[in-house]
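First comes the structure, then the notes that go with it.
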Amino acid sequence: MKRWWRGTKRYLSWRLRNPFAPYEDYYVHAVMRKVRGAGHPAIGPKSRPVRAQTELLDFLKRYGLQPGDVAVDYGCGSLRLGEALIGYLEPGKYWGVDITAEFYELGLQGMDADFVREKAPKLGVINPETLARVRADKPRFVASWHVCSKVPEARLDSYIGSIVSLLSPGSIALVHFPESAERRQLSGLAWSSPRSLIEKVARKLAPDADISFAPLIEGERDGIRQTLLVIRA
Numbered sequence: 507m508k509r510w511w512r513g514t515k516r517y518l519s520w521r522l523r524n525p526f527a528p529y530e531d532y533y534v535h536a537v538m539r540k541v542r543g544a545g546h547p548a549i550g551p552k553s554r555p556v557r558a559q560t561e562l563l564d565f566l567k568r569y570g571l572q573p574g575d576v577a578v579d580y581g582c583g584s585l586r587l588g589e590a591l592i593g594y595l596e597p598g599k600y601w602g603v604d605i606t607a608e609f610y611e612l613g614l615q616g617m618d619a620d621f622v623r624e625k626a627p628k629l630g631v632i633n634p635e636t637l638a639r640v641r642a643d644k645p646r647f648v649a650s651w652h653v654c655s656k657v658p659e660a661r662l663d664s665y666i667g668s669i670v671s672l673l674s675p676g677s678i679a680l681v682h683f684p685e686s687a688e689r690r691q692l693s694g695l696a697w698s699s700p701r702s703l704i705e706k707v708a709r710k711l712a713p714d715a716d717i718s719f720a721p722l723i724e725g726e727r728d729g730i731r732q733t734l735l736v737i738r739a
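When we follow my numbering, the leftmost residue of the sequence shown carries the number 507, and every step to the right adds one.
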């Protein structure tokens, strides 16, 4: 309770100073505050994958990813999972996008410069211009790992809608989310969601797509399952 209240006070204090800023700006502020302090588990030099560093790549390969495909890492963070995907794909075939360049620039700082030059990953801040550039490359896969849980319910339409906007006939989106019976706040910046909520949003925004769900890992912990939303255009 004390931890929740501290987080709430920090948010209210920030909101008073930034009354018209979008929630995404607060998220960046909160994450970078941790990065510059004791470190953040998902962003920056102290970040570590929750499971395997190749998890994103492994799942995309299960769904048919080939080195010549264009793949989008939506919410790429500091590239903790993206690095393996960059290494697998042909040069220029990786797109990483996030709400601030600060996140992926931290990831680039930790990579070998020759590797980055050779693989030429494409990176950008999520906005209409960047999404148009990504769309022009006709990605076959759009993946979003450990991102949906950070999206407030009021922003789910925008988040899933942006992902759907990148799809073209034959392409696939894989969206990881922690699934629970009801919407639950897991921390100050993370929530789990019922499958029904995610499905409702996805079907509204992609009415002609084939929408299904698959387990990311088997089993559940504390009433939470790790689930994939699969959208086939």
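Just so you know, even glycine gets a beta-carbon here, dropped at the ideal spot from N, CA and C.
What you are looking at is a predicted structure, and each value in this text was computed from that prediction instead of being measured.
Best match in L734, I605, Y533 and A536 for proximity to S698 [C-alpha to C-alpha]
L734
Alpha-carbon spacing of A679 relative to R738, whole angstroms
7 Å
Residues in its own chain within less than 7 Å of L740 by CB, not counting five upstream and five downstream?
Within the shown structure, residues of the chain are numbered from 507 to 739, placing residue 740 beyond reach of any answer.
Just verifying my parser: in three-state terms, what is the DSSP assignment at G570?
coil
Do you know how far the Cα of R521 is from the Cα of E596?
43 Å
On a Cα-Cα basis, can you pick out the residue from K625, C582, A687 and L562 that is closest to D728?
A687
Buried/exposed call for A577, threshold 16 Cβ in 10 Å
buried
Can you give me the C-alpha to C-alpha distance between G588 and G613, rounded to a whole angstrom?
9 Å
If you run the structure through DSSP and keep just helix, strand and coil, what is K644?
coil
What beta strand (DSSP E) runs, 3 residues minimum, are completely inside the segment 599-654?
600-604, 628-631 and 647-650
Rank S693, Q691 and P684 by C-alpha distance to the C-alpha of R726 and give the top, closest one.
Before going further, note that residue 726 is Glu rather than Arg in the sequence given. The residue with the shortest Cα to Cα distance from E726 is P684.
Pick out whichever of Y580, G598, K599 and D620 has its Cα sitting closest to the Cα of A607.
Y580
For the segment 661-738, which segments carrying the alpha helix (DSSP H) assignment without a break, of at least 4 residues, lie completely within its bounds, in sequence order?
662-671 and 701-711
Bounding residues of the beta strand (DSSP E) (the contiguous stretch that carries D579)
A577 to Y580
Any idea what DSSP makes of I592, helix, strand or coil?
helix
Count the other CB atoms within 10 Å of the CB of S650; is the residue buried (16 or more) or exposed (fewer)?
buried
Quick one: residues in its chain with C-beta nearer than 8 Å to the C-beta of C582, no 5 flanking neighbours on either side, listed in chain order?
G588, G602, V603, D604, F609, Y610, G613 and L629
Can you give the beta carbon distance from V707 to D663, rounded, assuming they're within the 8 Å contact cut?
6 Å
Out of Q572, P528, G593 and R690, point me to the one whose CA is closest to Q559's CA.
G593
Taking the C-alpha atoms as reference points, what is the distance between R568 and Q691?
31 Å
What does a CB cutoff of less than 6 Å around S712 pick up in its chain, not counting 5 residues either side in sequence?
Note that residue 712 corresponds to Ala in the displayed sequence, not to Ser. V670 and I737, listed in sequence order.
Measuring straight from C-alpha to C-alpha, what distance separates K656 and G694?
9 Å
Neighbour-count burial assignment, F621, 16 or more Cβ in a 10 Å radius:
exposed
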